[in-house]
Amino acid sequence: MRVTFKGLKSRPRLFYYGLVSLLLSPTCAYTADKIYNSSFPSRERKEFVEQFKIPLEGYRSDIEKENRIGLLTQVLLREKFTRDFDLEKIVVLSDNILKRDFGGQRYYFNSSSTEAAHTIPRDEKHKDILRLEESKPDFFILAVHHEIKHTKTFDVLEEDPNFEAKWKANATENGKTLYLEDISVLKAIKITQKELEQQGFVSVYSKLNWMEDLAEFCANAELNPDKFYSPMYEHNNQRFINKVNLAQEKRLIPQEFSQYLLVRNLYRQSFVNEKMNPARAREFLAESEKLLGSIYECELRERRGMIMTFFSQTQDSEFTLEDAIKEHKKGLLADYKDVPSYTLNLISLQGCYVFLRDYKTAEIYGEAKKEYPRNSNGVNDFLKERGIKIK
Ligand SMILES: [Zn+2]
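Numbered by our numbering, the letters in the sequence shown go through residues 63 to 453 in order.
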């Protein structure tokens, strides 16, 4: 549509100028901010783009706050470890409508309030674009995993066109689909947690369609693995088992996931009321060894180190505190370092040296822990510079 001012009297003309500039100004402001950030990116944004070769768009006030870029880095490293993918760009949309570009504004009015992000699928000229709403950190992390699972699904579909049918085969009952395909029907539905689990879903939103089911299922496998143990290993839920197998086979989730759930449960059983069950703990040590080298190594080394510390306190133990220290150091060297486990390895090392009354070394680990949030790739170099031998 073309707007013409011809024939308008002076006041209405001014009014129309005002209206047009009001509508255009957020887009102009967005463009100005985009130009500014591409010319003078913050150190974090620059490092992110260099590391992943993916442009990052969004207001400085929305992205460079609450360690948003650090969170994005964590999720991308984790997802890329299991299966690589590529994106045209990542856009962080402001929750302030006046700070969005035109597409973001349109999306604001069209989207359902339950959505926190969306993926614009690829075409002949472009790769997928992730558009993330600015939200609370936990929700933000889940949303990024969820959207990357969509991107990976598009890749899988290009390799295996039958994949959709294979996934959907696990969401039927008496020959009928369990997907609702309609957001307003979904919003009105009443379903218990038990029913959801029986139907093979990890959330209510999963019931919308197979793509959302897959993204929810796989994102939760990364962040909430405990949702899977009981359906798979206590209730023998075939839908869960089949979906996990399919997702593992296509590396939509780590290929060691189902095995990891068993090892994770062994660890849980190794401690009852803060007391160690030595038989279970030894079983955990034996089984977890098979998963070293996987995405779970950093976490498992931390737990193995804890168990070795406990053993070292008992008489005639096969483990010493030195063994525990070695184990925690190996945790710091894991190829993939998840933030909570890497931090726990640092804390445990600090604790071990306090126990050995080597307060100087303990303090260095304490400083490394404080330094870590500023360096999302770990603080191994920081430790080496202070004379700590990790290897
Ligand atoms: Zn989705």
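Beta carbons: idealized from backbone N, C-alpha and C, even for Gly.
* Asked: So is residue 386 in contact with chain B if we call contact Cβ pairs under 7 Å?
  -> Absent here is chain B; the protein component of the structure consists of one chain.
* Inter-stretch contact (C-beta, 8 Å, three-pair minimum) for the region 410 to 424 and the region 385 to 392 -> Under the Cβ criterion (8 Å, minimum of three pairs), the region 410 to 424 counts as touching the region 385 to 392.
* **Same chain, Cβ closer than 6 Å to residue 364, neighbours up to 5 away in sequence not counted** => Along the sequence shown, one-based indexing puts residue 364 at 302. Around residue 364: 393, 403, 406, 407.
* List in chain order: all unbroken alpha helix (DSSP H) runs of 4+ residues lying wholly within the region 230 to 271. => 245 to 250, 255 to 260
* To do: Using only the heavy atoms of ligand 1, determine whether one of them is closer than 6 Å to the beta carbon of residue 274.
  => Numbered from its first residue, the sequence shown carries residue 274 at position 212. Yes - ligand 1 has a heavy atom lying nearer than 6 Å to the Cβ of residue 274.
* Asked: To the nearest angstrom, how far is it from the Cα of residue 451 to the Cα of residue 361?
  -> As a first step, residue 451 must be located in the sequence shown, where it is residue number 389. As a first step, residue 361 must be located in the sequence shown, where it is residue number 299. Inter-residue distance for residue 451 and residue 361 is about 21 Å (C-alpha atoms, whole angstroms).
* Asked: My guess is that residue 19 and residue 368 are in contact by the Cβ rule of under 8 Å, so how many angstroms apart are they, rounded?
  -> Limits of the chain in this structure are 63 at one end and 453 at the other, which puts residue 19 out of reach.
* Asked: So residue 181 is in the beta strand (DSSP E); what residue range does that whole segment cover?
  -> As a first step, residue 181 must be located in the sequence shown, where it is residue number 119. Note, residue 181: beta strand (DSSP E), 179 to 182.
* Backbone secondary structure at residue 151 - three-state DSSP -> Along the sequence shown, one-based indexing puts residue 151 at 89. DSSP places residue 151 in strand when its eight states are reduced to three.
* Asked: Looking at C-alpha atoms only, which residue of 191, 157, 199, 447 is the closest neighbour of residue 285?
  -> Here residue 285 is taken as the residue at index 223 of the sequence shown, counted from 1. The shortest Cα separation from residue 285 among 191, 157, 199, 447 belongs to 199.
* Asked: When burial is assigned at 16 or more other CB atoms within 10 Å of the CB, is residue 375 buried or exposed?
  -> Start at 1 with the first residue of the sequence shown, and residue 375 comes out as number 313. Burial call: exposed.
* Asked: Within the present structure, is the beta-carbon of residue 281 separated from the nearest heavy atom of ligand 1 by less than 6 Å?
  -> As a working mapping, residue 281 is identified with position 219 in the sequence shown. Result no, Cβ not under 6 Å from ligand 1.
* **Alpha-carbon spacing of residue 337 relative to residue 366, whole angstroms** => Walking along the sequence shown from the start, residue 337 turns up at place 275. Walking along the sequence shown from the start, residue 366 turns up at place 304. About 15 Å.
* Can residue 233 be considered in contact with ligand 1, in the sense that its beta carbon sits closer than 6 Å to one or more heavy atoms? -> Position 171 of the sequence shown holds residue 233. Every heavy atom of ligand 1 is 6 Å or more from the Cβ of residue 233, so no.
* Asked: Cβ of residue 320 within 7 Å of Cβ of residue 306?
  -> As a position in the sequence shown, residue 320 is number 258, starting the count at 1. As a position in the sequence shown, residue 306 is number 244, starting the count at 1. Between residue 320 and residue 306, the C-beta gap is smaller than 7 Å, which places the two residues in contact.
* To do: Tell me whether the beta-carbon of residue 132 lies closer than 7 Å to the beta-carbon of residue 153.
  => Taking the sequence shown and counting its residues from 1, one reaches residue 132 at position 70. Taking the sequence shown and counting its residues from 1, one reaches residue 153 at position 91. Result no, Cβ atoms of residue 132 and residue 153 do not sit closer than 7 Å.
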